[in-house]
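Numbering-wise, my numbering puts 49 at position 25 of the sequence shown, and it's gapless, one number per residue. Even for Gly, the Cβ is constructed at its ideal location relative to N, Cα and C. Note sheet for the following structure.
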Amino acid sequence: MEFLFYVLMTFLFLIGIRIVIPTMHQFFAVVLFFILLSFLMMRVVLPFWQKLKTFFLFDLPYMPLILGSSLLYLCSLIVSHILDENDYESIAFISHLAIKIWIVTLWLDELASFLKQWEKLVAP
């Protein structure tokens, strides 16, 4: 509920900026977007992630990787979208590609162990 209050206040602030200083509206919108995104991550997403990790009574081996990958991908989509809206498509593409490579890098250890097990099954 607190986050929705901050979103509403930001929305009203941006409406005021658009009326008073229309040339600075885009700048303030991007700055406030990243402030709200960091606030959302610290106050909502990360506590939810911690609670979700303790929710499962049995140990799921890939749960931290799945949650981390999904969180990184979601952040990448959000940042890419805001960059696309501001006509920085090439920077959005590069940042999204970098996050995808990072996610694949996170999974490389698990992929290596999977391939070793698979090789043992396939090899005569």
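Below 7 Å between beta carbons: does that hold for residue i and residue j?
i, j, result
"A53", "L64", "no"
"I106", "F35", "no"
"F27", "V68", "yes"
"L91", "I127", "no"
"I41", "H49", "yes"
Should residue i go down as buried or exposed, given a rule of 16 or more other Cβ atoms within 10 Å for buried?
i, result
"A116", "buried"
Contact check, residue i vs residue j under 8 Å by CB: the rounded distance?
i, j, result
"L30", "L60", "Here the sequence assigns Tyr to residue 30, which means Leu is not the residue at that position. With a Cβ gap of about 7 Å, Y30 and L60 count as contacting."
Does the stretch 88-103 come within contact of the stretch 119-126, defined as at least 3 CB pairs closer than 8 Å?
Segments in contact, yes.
Ranges of the alpha helix (DSSP H) found wholly within the stretch 86-133, counting only runs of at least 4
For secondary structure counted as the alpha helix (DSSP H) over 4 or more consecutive residues, the stretch 86-133 holds these complete runs in sequence order: 87-109.
To test your reading of the DSSP string, which unbroken alpha helix (DSSP H) runs of 4 or more residues are found completely within the stretch 30-82?
With a minimum length of 4 residues, the continuous alpha helix (DSSP H) runs that stay inside the stretch 30-82 are 49-64, 70-79.
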